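K.L.:
Which chain is which? The protein sequence lines are A and F, in order. Mapping to the working numbering: the first sequence position 47 is 47, numbers consecutive. One rule links them: number in the working numbering = place in the second sequence (from 1) + 264. Glycine included, C-beta positions come from ideal geometry on N, C-alpha and C. As the structure is a prediction and not an experimental result, all values here were calculated from the model. Pasting a structure here, questions to come.
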Amino acid sequence: MATFTNRKYIFSKGIDQYFIGVKSAYSFVALFFKEAFKRPFHFREVLNQSFEVGLKSLPLITLTGFIVGVVFTKQSRPSLEDFGAASWLPSLIGIAIVRALGPLVTALICAGKVGSSIGAELGSMKVSEQIDAMEVSAINPFKYLVVTRVLATTITIPVLAMYCSCVGLYGSYVNVHAEETTSLVTFYQSAFSSISFLDIFTSVAKAIIYGFTIGIVGAYKGFNATQGTRGVGKAANQAVVLSMFLIFLEELVIVQVANWIRYF
Amino acid sequence: MEELKNHIINYNEAVISISGLYKSFGDLDVLKGIDFELFKGENVAILGKSGTGKSVLIKIIIGLLKPDKGEVIVLGKHVDKLERKELDTLRLRIGFSFQNSALYDSMNVYQNLAFPLTMNIKNLSKNQVKNEVEEVLEAVGLEDKINQLPSDLSGGQRKRIGIARTLILKPEIMLYDEPTSGLDPVTSEEIIELINDVQEKYNTSSIIITHDLTCAKNTGNRTAMLLDGRFFKIGTFDEVFDTEDEQVKGFYNYNFIQ
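Below you can see the structure in the form of structure tokens.
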């Protein structure tokens with residue numbers, strides 16, 4: 001009986017913790033929107049963080065985008081050839097990369113690289129009292145550390161996603177060119193011929209949402225880190241896991257909404 | 265020296281006034297009814313064992329923690345009732361030196377010191393900022409460390425830079441959290457001298473949280489002993505330790521034997 005009561009207590013405590021966590025995350029996001037539109041604006045810090053997120057992720061995004069383009073083309077060619085539709089390859093690749101792969105691959109890479117770095121940096125500042133030091137110096141740490149980083153990821157990740165799509169298409173072209181003599185212009189024309197404005201719009205909107213998710217999750221986990229250095233590692237790890245999970249969830253919802261608009 | 269220090273204290277003007285302060289974390293009652301006053305120009309050393317709530321007390325004074333019950337008035341303002349903006353204005357008048365210095369490790373010494381200044385006072389020229397930074401660095405005797413990163417500094421130097429960072433905003437009240445912890449006796453002595461110099465040069469009123477009796481004896485005009493969430497006694501150092509209480513005697517003997 002005692003064990004059963006104890007288990008019940010642990011279970012209800014778990015539920016309590018879950019809802020406390022949801023409320024705390026909701027308050028954190030609400031505070032972001034409240035602070036983001038209030039003076040003072042730290043433009044220089046947003047620029048610095050955009051540089052950190054953008055330029056420093058560029059080599060990895062370039063390499064990954066290129067490989068995705070090459071591999072996806074290699075995998076798709078045999079199936080299309082079986083149906084005698086090899087000429088449709090650029091269009092298929094264009095749709096796949098612009099609609100889905102470009103933003104998704106960029107978001108996953110940035111969740112690993114940028115999300116973990118924000119979580120670890122803010123987590124380490126939290127446990128070493130640097131955030132409290134800002135607070136007692138009359139500097140709003142939420143505005144200076146969280147708002148600037150979330151804005152930076154929200155602005156930069158869509159740009160990186162577009163860049164990743166272009167590099168992916170180039171990777172695909174390299175593979176196509178090795179098999180048949182197609183010029184770069186013809187390939188790009190053919191790839192873009194089947195892409196509509198809605199595809200581009202959805203792709204950018206997705207990347208904006210992914211960027212916001214990566215920034216806010218990393219900042220939330222870091223800002224609420226506890227338990228010393230162990231907490232820093234935990235914050236970085238949770239930032240990656242949770243933002244990746246949310247990215248897939250958002251992908252599912254956005255695709256449904258985009259399809260609904262497309263066929264409306 | 266003691267007479268000179270007592271001369272600048274104004275016992276009619278309390279800069280911090282605390283009454284009936286309670287604070288607990290979950291089931292743990294940390295502060296159980298604190299009454300205390302800090303007067304203009306004086307240094308008060310608060311002694312106590314680890315975990316008795318010394319740091320909690322100064323974090324409540326600066327508004328980092330909220331009290332459960334009681335009144336905390338700092339420079340005429342009820343700290344727990346202030347809006348963010350008013351609290352920030354008050355915080356500009358209070359310096360807080362952290363136990364582990366809490367220097368921003370991605371910034372060098374110059375940037376660490378300039379950061380609170382440029383974030384709070386707009387339209388300062390680069391030269392003005394540089395002059396202010398150099399002035400406080402001179403006050404703590406570390407002018408030559410201006411371009412170093414916190415990771416390149418020793419524990420004592422980090423403490424000094426931490427104090428310099430608070431001095432740059434010219435505070436009226438200084439709160440020191442364990443200023444000599446983790447330092448060798450010679451460096452501790454230097455920090456003690458620095459605390460006294462700050463009191464004299466900047467005319468600050470200070471609370472020094474410590475478990476180091478040498479630090480308490482040499483910096484505090486008054487000493488307060490925190491035991492079980494309450495002040496056991498507040499008075500001169502000798503008055504506080506003139507007691508038969510076993511806990512206080514044990515604390516005294518342990519420190520001096522160490």
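Determine the burial state of glutamine 17/A: buried for a count of at least 16 other Cβ atoms within 10 Å of its Cβ, exposed for fewer.
P.N.:
By one-based count along the first sequence, residue 17/A stands at place 17. With fewer than 16 other Cβ atoms inside 10 Å of its own Cβ, glutamine 17/A counts as exposed.
K.L.:
When you compare the CB of isoleucine 139/A with every CB in chain F, is at least one pair closer than 8 Å?
P.N.:
Residue mapping note: residue 139/A aligns to position 139 of the first sequence, counting from 1. Under the Cβ distance rule, isoleucine 139/A counts among the residues neighbouring chain F, one pair being separated by less than 8 Å.
K.L.:
Using the rule of at least 16 other Cβ atoms within 10 Å of the residue's Cβ for burial, across every protein chain shown, is alanine 278/F buried or exposed?
P.N.:
Here residue 278/F corresponds to residue number 14 of the second sequence, with the count starting at 1. By the 10 Å Cβ count, alanine 278/F comes out buried.
K.L.:
Tell me which same chain residues have a C-beta within less than 6 Å of the C-beta of lysine 234/A, skipping the five on either side of it?
P.N.:
Numbered from its first residue, the first sequence carries residue 234/A at position 234. For lysine 234/A, where only same-chain residues beyond five positions count, there are no Cβ hits under 6 Å.
K.L.:
Three or more C-beta pairs closer than 8 Å, one from the stretch 149-168 of chain A and one from the stretch 382-398 of chain F: is that the case here?
P.N.:
no
K.L.:
Kindly list, in the order they appear in chain A, the residues whose Cβ is closer than 8 Å to that of isoleucine 437/F.
P.N.:
The residue you call residue 437/F lines up with position 173 of the second sequence. Per Cβ cutoff of 8 Å: no residues; isoleucine 437/F is ~12 Å from chain A at best.
K.L.:
If we cut at 8 Å on Cβ distances, does phenylalanine 289/F have a partner in chain A?
P.N.:
Counting from 1 along the second sequence, the entry for residue 289/F is found at position 25. Not closer than 8 Å to any Cβ of chain A, the Cβ of phenylalanine 289/F fails to qualify, so no.
K.L.:
Can you pull the chain F neighbours of arginine 52/A, defined as C-beta to C-beta under 8 Å?
P.N.:
Translated into positions along the first sequence, residue 52/A becomes position 52. Residue identity differs from the one stated: residue 52/A is glutamate in this sequence, not arginine. Residues of chain F passing the Cβ test: none, with the nearest at roughly 11 Å.
K.L.:
Run through DSSP, which three-state label would methionine 265/F get?
P.N.:
Against the second sequence, residue 265/F aligns to sequence position 1. For methionine 265/F, the pLDDT reaches just 48, beneath the cut-off of 50, and the residue's location in the model is therefore unreliable, although a value from the coordinates is still provided. Three-state DSSP puts methionine 265/F in coil, outside helix and strand.
K.L.:
Using the three-state DSSP reduction, which class does glutamate 306/F fall into: helix, strand or coil?
P.N.:
Reading the second sequence from its first residue, position 42 is the one you call residue 306/F. Glutamate 306/F: coil per DSSP, three-state reduction.
K.L.:
Could you tell me if leucine 145/A is buried or exposed, where buried requires 16 or more neighbouring beta carbons within 10 angstroms of its beta carbon?
P.N.:
Taking the first sequence and counting its residues from 1, the one referred to as residue 145/A is at position 145. Result: buried.
K.L.:
In three-state DSSP terms, what is glycine 514/F?
P.N.:
Working through the second sequence from its first residue, we reach residue 514/F at position 250. Glycine 514/F: helix per DSSP, three-state reduction.
K.L.:
In the DSSP assignment, find the alpha helix (DSSP H) that holds aspartate 506/F and state where it starts and stops.
P.N.:
Within the second sequence, numbered from 1, the residue matching residue 506/F stands at position 242. No alpha helix (DSSP H) holds aspartate 506/F; DSSP gives it neither H nor E.
K.L.:
For threonine 16/A, which residues in chain F fall below 7 Å Cβ to Cβ?
P.N.:
Numbered from 1 along the first sequence, position 16 holds the residue referred to as residue 16/A. Strictly speaking, residue 16/A in this sequence is aspartate, with threonine absent from that position. Scanning chain F for C-beta atoms nearer than 7 Å to the C-beta of aspartate 16/A yields nothing, as the closest lies near 14 Å away.
K.L.:
Just checking, does the stretch 343-353 of chain F make contact with the stretch 370-382 of chain F on the three C-beta pairs under 8 Å criterion?
P.N.:
no
K.L.:
Quick one: what's got a C-beta closer than 6 Å to valine 98/A's C-beta in the same chain, skipping five residues either side?
P.N.:
Looking up residue 98/A in the first sequence gives position 98. Around valine 98/A: Ser165, Ile195, Asp199 and Ser203.
K.L.:
How would you list, in chain order, the residues of chain A whose beta-carbon sits under 9 Å from the beta-carbon of arginine 424/F?
P.N.:
Along the second sequence, one-based indexing puts residue 424/F at 160. Correct list: empty, because the minimum Cβ distance to chain A is about 15 Å.
K.L.:
Establish whether the CB of isoleucine 136/A and some CB of chain F are separated by less than 8 Å.
P.N.:
Here the question's residue 136/A lines up with position 136 in the first sequence. According to the sequence provided, residue 136/A is valine. The question's isoleucine does not apply to it. At least one CB atom of chain F sits nearer than 8 Å to the CB of valine 136/A.
K.L.:
Tell me, please, which residues DSSP counts as bridged to alanine 120/A.
P.N.:
Within the first sequence, residue 120/A is the residue found at index 120, counting from 1. Per DSSP, none; premise fails for alanine 120/A.
K.L.:
Would you list the residues sitting across from phenylalanine 440/F in a DSSP beta bridge?
P.N.:
Position 176 of the second sequence, counted from the first residue, corresponds to residue 440/F. Correcting the residue identity first, residue 440/F is tyrosine in this sequence and not phenylalanine. Beta-bridge pairing links tyrosine 440/F to Ser361/F and Ile472/F.
K.L.:
Counting only C-beta atoms, is glutamate 45/A closer than 8 Å to chain F at any point?
P.N.:
Here residue 45/A corresponds to residue number 45 of the first sequence, with the count starting at 1. For glutamate 45/A, the answer is no, since every Cβ of chain F falls outside 8 Å of its Cβ.
K.L.:
Run down chain A in chain order and give the residues with a C-beta less than 8 Å from the C-beta of asparagine 594/F.
P.N.:
The structure shown has nothing for residue 594/F, since chain F only spans 265 to 522.
K.L.:
My output table needs one value for leucine 58/A: the three-state DSSP class, helix, strand or coil.
P.N.:
As a first step, residue 58/A is located in the first sequence; it is residue number 58 there, counting from the start. If DSSP states are grouped into helix, strand and coil, leucine 58/A belongs with the helices.
K.L.:
According to DSSP, is histidine 42/A helix, strand or coil?
P.N.:
On the first sequence, position 42 is the one that residue 42/A refers to. Coil.
K.L.:
Taking the DSSP output, what are the residues bridged to leucine 311/F?
P.N.:
Translated into the one-based positions of the second sequence, residue 311/F becomes position 47. Bridge partners of leucine 311/F: Thr474/F and Met489/F.
K.L.:
Considering valine 336/F, what are the terminal residues of the beta strand (DSSP E) in which it resides?
P.N.:
Position 72 of the second sequence holds residue 336/F. Segment 333-338, the beta strand (DSSP E) holding valine 336/F.
K.L.:
Quick check on the burial criterion: 16 or more other C-beta atoms within 10 angstroms. Buried or exposed for tyrosine 275/F?
P.N.:
Counting from 1 along the second sequence, the entry for residue 275/F is found at position 11. The residue in question, tyrosine 275/F, is exposed, as its Cβ has fewer than 16 Cβ neighbours within 10 Å.
K.L.:
Start and end of the beta strand (DSSP E) containing isoleucine 261/A?
P.N.:
As a working mapping, residue 261/A is identified with position 261 in the first sequence. Unbroken run through isoleucine 261/A is the alpha helix (DSSP H), 228-262; no beta strand (DSSP E).
K.L.:
Using alpha carbons as the reference points, say which of Glu251/A, Leu184/A and Ala239/A lies closest to alanine 205/A.
P.N.:
Your numbering for residue 205/A matches position 205 in the first sequence. Of the listed residues, the one whose Cα sits closest to alanine 205/A is Glu251/A.
K.L.:
Find out if the Cβ-Cβ distance for the pair alanine 207/A, proline 103/A is shorter than 8 Å.
P.N.:
Within the first sequence, residue 207/A is the residue found at index 207, counting from 1. Within the first sequence, residue 103/A is the residue found at index 103, counting from 1. In this structure, alanine 207/A places its C-beta atom within 8 Å of the C-beta atom of proline 103/A.
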